[in-house]
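Here the sequence shown is numbered in this note's numbering, starting from 175 and rising by one per residue.
No residue lacks a Cβ here, since even glycine has one placed at the ideal position from N, Cα and C.
Contents: one structure, followed by commentary.
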Amino acid sequence: MGLKAYLDGILGEDKACKFLKKQGFEILKRNFHSKFGEIDIIAKKDEILHFIEVKFTQDDYEVSERLDRKKLEKILKTIEFYHLKHGISSDFQIDLICIKNDVIQFCENISF
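Structure representation (structure tokens):
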């Protein structure tokens, strides 16, 4: 990943966190890493953990196309690891935030 892509990722996650806070979410963790993968944002709302993937672009392609089944499987393994590491067993869902040209699309409880 180049420097521009890295900085764009940080910018996208910052915008996503601001959006989530306005929606009443509590941000618990950003960029949680495991050997299986990374989760961009872990947040909580109404006693439900939200594991949120953020996709950000200023280009002309559809950002949601960058999340596929393989990436979702990595996210699920990382969620399992997070639960084990923190000794928790709680309801959760996987969400996707797509940001394109400063327009935020929030897709809750995604699956394939």
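Cβ of lysine 229 within 9 Å of Cβ of leucine 270? In the sequence shown, residue 229 corresponds to position 55, counting from 1. In the sequence shown, residue 270 corresponds to position 96, counting from 1. Yes, these two residues count as a Cβ contact at 9 Å.
Here's the rule: buried if 16 or more other CB atoms are within 10 angstroms of the residue's CB, otherwise exposed. What is histidine 207? As a first step, residue 207 must be located in the sequence shown, where it is residue number 33. Classification for histidine 207: exposed.
Counting Cβ pairs closer than 8 Å, one from the stretch 210-219 and one from the stretch 274-282, do we hit at least three? no
In angstroms with no decimal places, state the Cα-to-Cα distance between histidine 257 and tyrosine 180. Within the sequence shown, the letter at position 83 stands for residue 257. Within the sequence shown, the letter at position 6 stands for residue 180. Cα to Cα, histidine 257 sits roughly 27 Å from tyrosine 180.
Hey, would you say glutamine 267 sits closer than 9 Å to phenylalanine 199, going by beta carbons? As a working mapping, residue 267 is identified with position 93 in the sequence shown. As a working mapping, residue 199 is identified with position 25 in the sequence shown. Going by C-beta atoms, glutamine 267 is not nearer than 9 Å to phenylalanine 199.
Glycine 186 to isoleucine 273 span [Cα, whole Å]: Residue mapping note: residue 186 aligns to position 12 of the sequence shown, counting from 1. Residue mapping note: residue 273 aligns to position 99 of the sequence shown, counting from 1. The alpha-carbon atoms of glycine 186 and isoleucine 273 are separated by roughly 7 Å.
In this structure, does DSSP put aspartate 242 in helix, strand or coil? Residue 242 sits at position 68 when you count from the first residue of the sequence shown. Looking at aspartate 242 - three-state DSSP - the assignment turns out to be coil, as it is neither helix nor strand.
Alpha-carbon to alpha-carbon, isoleucine 213 and cysteine 191: Taking the sequence shown and counting its residues from 1, one reaches residue 191 at position 17. Taking the sequence shown and counting its residues from 1, one reaches residue 213 at position 39. Their backbone Cα atoms lie some 13 Å apart in a straight line.
In terms of DSSP beta bridges, what is aspartate 269 paired with? One-based indexing of the sequence shown puts residue 269 at position 95. According to DSSP, aspartate 269 bridges with Ile226.
Under 9 Å, do phenylalanine 286 and phenylalanine 255 count as touching if we go by C-beta distance? Taking the sequence shown and counting its residues from 1, the one referred to as residue 286 is at position 112. Taking the sequence shown and counting its residues from 1, the one referred to as residue 255 is at position 81. With contacts defined by Cβ atoms closer than 9 Å, phenylalanine 286 and phenylalanine 255 do not form a contacting pair.
Quick check on the burial criterion: 16 or more other C-beta atoms within 10 angstroms. Buried or exposed for glutamate 227? Mapped onto the sequence shown, residue 227 falls at position 53. Flag for glutamate 227 reads buried.
Among Ile284, Thr252 and Asn205, whose alpha-carbon lies nearest the alpha-carbon of leucine 241? As a first step, residue 241 is located in the sequence shown; it is residue number 67 there, counting from the start. Measuring from the Cα of leucine 241, the nearest candidate turns out to be Ile284.
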